[in-house]
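One structure is given here, and the rest of the page talks about it.
Numbering (full-length UniProt numbering), first residue to last: 1 to 496.
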């Protein structure tokens, strides 16, 4: 029987690709926000001028700075509010305006950047009537983009709640701080696109479905008159004449355009940032949708590795978030709980497997390498390497079937990270939890590409060099035999 993708889905019925796309929505928001932060309020095209080519080594393009002096990889108020909303949805077991209000207020009391509309609304003691009072104080100008920048958690929880409830929550959370119905409409548009894309894996169809659905809601006239045209495939931000992207209309339109006009997460985020203006917010909205489309494994690992930030909770706790914390937050919104952690095995002394300076180890063994090594981690590491300056965390499950929906992409990312660190003159240690299956999968792929070898030759090499070599994951072998072998052949065919 075909499932109606607009109805609720039970956590036990979620497919692995759907789960990974949900993680991508929240991580994508944070990553894009952090990458865009240094360029906030600056001119168009500056990102492309600063980074004419991708920076695969070091900390990538996570340079920090910007108007509020963000640390490299630190996300801004956009993601902070998204996480405050996520925690409120979890604490309130659904949408409770009083709980959301308390989380928003706790966040704003210590935030270094609070938008004008949001800050004006949150100055009042109660959420009741606060948005309308702020609207009047601001001369009726509250159609800003803040209601959509934080919406990713609603799209994620909406996978379980269904289309109608996603709309209700999106509008309700927007109305707490933004009185103008356009803000609610923009938030509802992005939330439903995220939800539908997570469920179906089809971004373009999700955009079309979203506008069809919203045509039958109380916000239909706002959507039809103010959003349909600028969110259509004919929209061109380079020629469009309209309000700046600090407004809900232009921010949402530019974010949809950024995803629609590109073919990968990286390019979608760069396209959004290079429009200039409110770069972190437009990028965060685009990153939420692009993450829902390409999934967690479609996001560059040099970005996911360094993304971080914190949010102050109503009880005064300062909760820190890194990539795995964001994944766990998304998992809790899906009623899956935090990702399970396996028993940590005793450390294995790192072993050198290639004269170029490539080493192998297990989780705790990799901690033994000097600080100037590059570390490529293929498992959950929690806080083990956060003070190690040269690292990459790779989302890769040691499982068969569809648990790694973008396995080729993430494998290439891991291999490119090894080579980037080597190019910088670093030794590199590759590890997973036990130093067995994932570690040798990536090592074989690296050896095949670096040396132009076959899978059989790489199998012989790693078996000779690393005693923990295991081949129990058939999916890994199939990728090396097929897509990766084709890729290696194509790359070496182009070499002089």
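Ideal Cβ placement from N, Cα and C applies to all residues, glycine included.
Separation of residue j from residue i, as counted between CA atoms
| i | j | result |
| --- | --- | --- |
| residue 2 | residue 232 | Unreliable positioning characterises residue 2 in this predicted model, as indicated by a pLDDT of 44, which lies under 50. The coordinate reading is nonetheless provided below. Rounded to whole angstroms, residue 2 to residue 232 spans 29 angstroms at the Cα level. |
| residue 376 | residue 407 | 16 angstroms |
| residue 363 | residue 261 | 40 angstroms |
| residue 15 | residue 71 | 36 angstroms |
| residue 83 | residue 13 | 25 angstroms |
| residue 95 | residue 79 | 18 angstroms |
| residue 127 | residue 419 | 53 angstroms |
| residue 341 | residue 250 | 42 angstroms |
| residue 413 | residue 54 | 12 angstroms |
| residue 310 | residue 384 | 18 angstroms |
| residue 108 | residue 494 | 54 angstroms |
| residue 391 | residue 369 | 12 angstroms |
| residue 37 | residue 213 | 33 angstroms |
| residue 380 | residue 338 | 12 angstroms |
| residue 4 | residue 188 | 20 angstroms |
| residue 274 | residue 352 | 42 angstroms |
| residue 8 | residue 157 | 10 angstroms |
| residue 185 | residue 48 | 32 angstroms |
| residue 60 | residue 438 | 24 angstroms |
| residue 263 | residue 426 | 32 angstroms |
| residue 42 | residue 281 | 13 angstroms |
| residue 398 | residue 404 | 9 angstroms |
| residue 239 | residue 245 | 14 angstroms |
| residue 389 | residue 372 | 8 angstroms |
| residue 485 | residue 46 | 38 angstroms |
Beta-carbon spacing of residue i, residue j below 8 angstroms
| i | j | result |
| --- | --- | --- |
| residue 170 | residue 154 | yes |
| residue 350 | residue 361 | yes |
| residue 24 | residue 294 | yes |
| residue 164 | residue 252 | no |
| residue 100 | residue 19 | no |
| residue 429 | residue 452 | no |
| residue 89 | residue 104 | no |
| residue 91 | residue 334 | no |
| residue 183 | residue 144 | yes |
| residue 31 | residue 466 | no |
| residue 481 | residue 455 | yes |
| residue 146 | residue 117 | yes |
| residue 324 | residue 382 | yes |
| residue 97 | residue 336 | no |
| residue 179 | residue 220 | no |
| residue 440 | residue 400 | no |
| residue 290 | residue 259 | yes |
| residue 26 | residue 152 | yes |
Residue from the options whose Cα sits closest to the Cα of residue i
| i | options | result |
| --- | --- | --- |
| residue 208 | 219, 229 and 218 | 229 |
| residue 203 | 460, 463 and 255 | 255 |
| residue 443 | 468, 24, 122 and 78 | 468 |
| residue 268 | 20, 28 and 19 | 28 |
| residue 301 | 395, 113 and 77 | 395 |
| residue 374 | 4, 488 and 57 | 57 |
| residue 378 | 389, 372, 393 and 387 | 393 |
| residue 247 | 142, 6 and 291 | 142 |
| residue 445 | 466, 458 and 283 | 458 |
| residue 52 | 217, 270 and 263 | 270 |
| residue 265 | 287, 257 and 17 | 287 |
| residue 366 | 356, 355 and 344 | 344 |
| residue 225 | 181, 258, 241 and 319 | 181 |
| residue 77 | 125, 115 and 177 | 115 |
| residue 63 | 87, 85 and 33 | 33 |
| residue 102 | 132, 177, 136 and 475 | 177 |
| residue 331 | 75, 50, 69 and 87 | 87 |
Residues that DSSP places opposite residue i in a beta bridge
| i | result |
| --- | --- |
| residue 320 | 310 |
| residue 351 | 360 |
| residue 277 | 42 |
| residue 429 | 359 and 375 |
| residue 247 | 144 |
In chain order, which continuous runs of the alpha helix (DSSP H) of length 4 or greater are located wholly inside the region 60 to 112? 77 to 91 and 97 to 110
Can you check the region 205 to 237 for any alpha helix (DSSP H) of at least 4 residues that lies completely inside it and give the ranges in chain order? 220 to 226
Runs of 3 residues minimum, wholly inside the region 361 to 421: which ones carry the beta strand (DSSP E) assignment? 374 to 377 and 391 to 393
Residue ranges of each beta strand (DSSP E) within the region 113 to 188, 3 or longer: none
Every unbroken alpha helix (DSSP H) within the region 6 to 38, with a cutoff of 4 residues, ordered by chain: 16 to 36
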